[in-house]
Amino acid sequence: RSQTRNWPRSISSRTTFMATGTTRSCRREGQLSHVICARRLSSGQTILIAHNIDLAPRVSSLNEGDVVSFSGEYEWNPKGGVVHWTHRDSDGRHSAGWIKHDRQAFQ
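Under our numbering, think of the first position of the sequence shown as -3, with each following residue one higher.
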């Protein structure tokens, strides 16, 4: 059963979302240049972060249990949601997002 099932639908999609959480797992997503990381938030919920490493640097030395802060565009789905756009948008259509780990910002 997904821990994100009860994520509040009151947060509308395409909303800039900032939080701090603990890394649970990370994996490269197929042929795409995204790293998908599950983060447990202080609320106890788990959310996925899709970080595009074609447009932003890979978060160095990220391990399970590390605390990270992040900002990006939240997209609701039945499993709880995903945060995309954790980097700058060269076209200017999205707010610049980021991931912070070990006092370093990745965007």
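Backbone N, C-alpha and C fix where the C-beta goes; we use that ideal spot for every residue, glycine too.
- Hey, which unbroken runs of the beta strand (DSSP E) at 3 residues or more fall wholly within the stretch 45 to 82? 63 to 71, 78 to 80
- Task: Between the Cα of Gly17 and those of Leu44, Arg23, Thr11, spot the shortest distance and give me the residue it belongs to.
- Result: Leu44
- Message: Based on DSSP bridge pairs, tell me the residues matched to His97.
- Response: Looking at the DSSP assignment, His97 forms a beta bridge with Gln100.
- Helix, strand or coil: which one does DSSP assign to Ala15? strand
- Task: Would you kindly work out how many angstroms separate the C-alpha atoms of Thr82 and Leu58, rounded to a whole number?
- Result: 15 Å
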